[in-house]
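Take 7 as the starting number for the sequence shown in our numbering and just add one per residue. In this text, a Cβ means the ideal position worked out from N, Cα and C, and glycines have one as well. Bear in mind the structure is a predicted one, so any value in this text is a computation, not a measurement. First comes the structure, then the notes that go with it.
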Amino acid sequence: MISDPLLLAVAVMAVMMILLLSSKWIGFSLFASGVAGMLLFEVHLPPTISIWDKIGDLLANSVWNSLNSWALTALPLFILMGEILYRTAISTRLLNGLVPWLSGVPGRLYHINVVACSLFAAVSGSSAATTATVGKITLSELTRRGYRKSLAIGSLAGAGTLGFLIPPSLIMIIYGVLSDTSIGKLFIAGVIPGVVLATMYSVYIVARAKMDPDAIPGEDETYTWADRFAALRDLVPVFGLIVLVLGGIYVGLTTPTEAAAIGVVGALGLALYFRNLTWANLQQALLSAVKTSGMICFIIAGAAFLSQVVGFVGIARAISTSIADLNLSPYTLILVLGLMYLFLGMILDGISIVVMTLPIVLPIVQSAGFEALWFGIFVVFMVELSQITPPVGFSIFVIQHIAKEDVRTILKATFPFFCIMVIMVILVTVFPDIVFFLPRHMM
7 MISDPLLLAV AVMAVMMILL LSSKWIGFSL FASGVAGMLL FEVHLPPTIS
57 IWDKIGDLLA NSVWNSLNSW ALTALPLFIL MGEILYRTAI STRLLNGLVP
107 WLSGVPGRLY HINVVACSLF AAVSGSSAAT TATVGKITLS ELTRRGYRKS
157 LAIGSLAGAG TLGFLIPPSL IMIIYGVLSD TSIGKLFIAG VIPGVVLATM
207 YSVYIVARAK MDPDAIPGED ETYTWADRFA ALRDLVPVFG LIVLVLGGIY
257 VGLTTPTEAA AIGVVGALGL ALYFRNLTWA NLQQALLSAV KTSGMICFII
307 AGAAFLSQVV GFVGIARAIS TSIADLNLSP YTLILVLGLM YLFLGMILDG
357 ISIVVMTLPI VLPIVQSAGF EALWFGIFVV FMVELSQITP PVGFSIFVIQ
407 HIAKEDVRTI LKATFPFFCI MVIMVILVTV FPDIVFFLPR HMM
């Protein structure tokens, strides 16, 4: 039996790592780690109550409280909306409509990854879905047209992570539920950082194009203004859906859950409008949305149980006291946490990082003077970085499957965009008004 909460924290983390490395489900690993923590800790209970009774009480309470949330219903709806757009090939129309408008910009069609990922992120909320959907179309097309594959891969990897930052974001929904932070405010707070990051990606592409003209093919298709206006037939409906989903949240007319329901109806309407909706692809979208939602809810429930255990045995209090005793300055604390998230990103997916660390980290951050709203955007950036961090960067795996390149080549191509994201994290930390400006003026 272990009486020291810090030693118990190490033991619980060891159990979790062993289970994760043995390829067990993340949700199961979280539940099992919580049970192990209770069994290993020296708990003093009345004679009439066994340790298994206490575990059952904590389990029932945590699972019910974590999943019995109206705000959480936005999660499966946004997932379904993204699946409908992907399965009915509406995303392909979006990309084809962008080509005439980007052909005259320095760097030309490299920007299509940035713009297309930004737009698709605004209607899907998933980084993996954004990267896969855009990458399946753009990588082969850019390579066919003579564009350098490494820059195409790098821009896709960097811009694909915008699915977590530009609302509606699945990570923001989960963070809002677990931290009791307004999901609407999180959505609004992510807009300016998302637009600034996408702009920084495009500026880098322009600079690369200027410094290395060979990266751009000598000849490219030319488009007239008539072609550009004709392409609006594919762009305007998607823009309309974005405005429909996010506009209601921004002006306070709809909650995120209501906006998600509107988004599903809007996605179905677009599929009917473009005559791409069939029973087969609707079945695929529904089945995939159910699988993804079930997986995420299982992870959330497991994380909630583990957080209950962490609080019950005193791990959170002990860690908070230990960090407070270090007398770290607020920015040093954020630096330490940033390095911790980068390490966790090497071995865990983004959702697991959020749900496993938040119960312990958030009280420490708030006691240092940072607001939960700002920290939510900071965590989203850290999760974005984890998407392109080896060896468990999901975006890297997605791109590897699409591009048929080895991981080393993909990481080398992605590194400049990784550095840009790190610069953006520094800017958000030094200038927090980047996050707070819209929430203060719109809500």
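Once the 5 residues before and after I198 are set aside, which same chain residues still bring their CB inside 7 angstroms of it?
I440, F443 and L444
Exercise. Are the beta-carbon atoms of I177 and V360 separated by less than 8 angstroms?
Worked result: yes
* Smallest Cα separation from M237: which of A38, S161 and L104? -> The amino acid at residue 237 is misidentified as Met; the sequence shows Ala. Nearest of A38, S161 and L104 to A237, Cα basis: L104.
Legend entry - Integer Cβ distance of P422 from G166, believed to fall under 8 angstroms: The pair is not a contact, with the Cβ atoms about 15 angstroms apart (cut-off 8 angstroms).
Beta-carbon proximity list for A324, same chain, < 6 angstroms, skipping 5 on both sides | P11 and L12
Round the Cβ separation of I302 and L83 to the nearest angstrom and send it over; I've been treating them as touching at under 8 angstroms. About 13 angstroms separates the two Cβ atoms, so there is no contact after all.
ask   = Using the rule of at least 16 other Cβ atoms within 10 Å of the residue's Cβ for burial, across every protein chain shown, is Y181 buried or exposed?
value = buried
Closest to A419 by CA distance: which of L433, W285 and I394 is it? I394
Using C-beta distances below 7 angstroms, list every residue in its chain close to A17, excluding the 5 sequence neighbours before and after it, in chain order. I8 and L46
Original post:
Can you check whether the CB of Y229 is closer than 8 angstroms to the CB of V120?
Top reply: no
Let me know if I429 comes out buried or exposed under the rule of 16 or more other beta-carbons within 10 Å of its beta-carbon. exposed
task = Could you spell out the range, first to last residue, of the alpha helix (DSSP H) harbouring P199?
result = V197 to M217
Handout entry: C-beta contact flag for L312 and S39 at 8 angstroms
Key = yes
Any contact between the stretch 57 to 69 and the stretch 245 to 252? By contact I mean 3 or more CB pairs, one from each, below 8 angstroms. no
Item to check | Three-state secondary structure (DSSP) of I8 | outcome: strand
Given this structure, state the Cα-to-Cα distance separating V371 from C123, to the nearest angstrom. 31 angstroms
**Request:** Please confirm if the stretch 276 to 295 is in contact with the stretch 87 to 104, defined as three or more CB-CB distances below 8 angstroms between the two stretches.
**Result:** yes
Worksheet entry | Residue environment, F376, which counts as buried when at least 16 other CB atoms sit within 10 Å | buried
How far does the alpha helix (DSSP H) with F235 in it reach, from first residue to last? W231 to Y256
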